[in-house]
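Inspection log for the structure reproduced underneath, given as structure tokens.
Residue numbers (the working numbering): 1 to 108.
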């Protein structure tokens with residue numbers, strides 16, 4: 001079951017950039033969660049896990065499976081372009097879409 005994400009970048013008063021990340025879940029009964037003031041440098045998967053949001057990640061975050069499959073609904077300009085390797089694994093994911101990504105590869 002994939003999660004849906006939206007990313008937004010905002011500039012703080014001290015000229016640092018922080019992200020707001022909105023997590024939406026396909027699982028019934030789970031309400032969306034918004035994390036504010038997230039610093040760059042970590043992947044969406046790492047940020048989720050640090051905030052007790054469970055996303056499966058069987059390969060240890062090295063782009064060797066598709067278990068951290070997500071749908072990036074908004075904010076793709078804030079993460080690296082999809083690589084050929086990532087695209088190959090997304091093709092193996094359950095219900096891939098045009099906005100499918102691997103959470104381990106979406107580093108802010």
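Where a beta carbon is used, it is the ideal one built from N, C-alpha and C, also for glycine.
On a predicted model such as this, the values are computed, not experimentally measured, just so you know.
Can you tell me which of the options puts its alpha carbon nearest to the alpha carbon of residue i?
{"i": "residue 34", "options": "52, 76 and 41", "result": "52"}
{"i": "residue 16", "options": "95, 37, 90 and 27", "result": "37"}
{"i": "residue 79", "options": "105, 89, 55 and 57", "result": "105"}
{"i": "residue 43", "options": "63, 90, 84 and 32", "result": "63"}
Return the first residue and the last residue of the beta strand (DSSP E) that residue i is part of.
{"i": "residue 74", "result": "69-74"}
{"i": "residue 21", "result": "17-25"}
Considering just the uninterrupted stretch of the alpha helix (DSSP H) at residue i, what are its terminal residues?
{"i": "residue 54", "result": "Premise fails: residue 54 is in no alpha helix (DSSP H) and is neither H nor E."}
{"i": "residue 90", "result": "84-90"}
May I ask you to list the residues that DSSP assigns as paired with residue i?
{"i": "residue 107", "result": "43"}
{"i": "residue 38", "result": "19"}
{"i": "residue 102", "result": "69"}
Identify, in the order they occur along the chain, each residue of the same chain with its Cβ nearer than 7 Å to the Cβ of residue i, setting aside the five sequence neighbours on each side.
{"i": "residue 93", "result": "66, 69 and 100"}
{"i": "residue 45", "result": "55, 57, 61, 68, 103 and 104"}
Short of 6 Å in beta carbon distance, which residues of its chain neighbour residue i, apart from the five on each side in sequence? Order them along the chain.
{"i": "residue 74", "result": "6"}
Can you give me the Cβ contacts of residue i inside the same chain, cut-off strictly under 8 Å, excluding the 5 residues immediately before and after it?
{"i": "residue 90", "result": "66, 69, 82, 96, 100, 101 and 102"}
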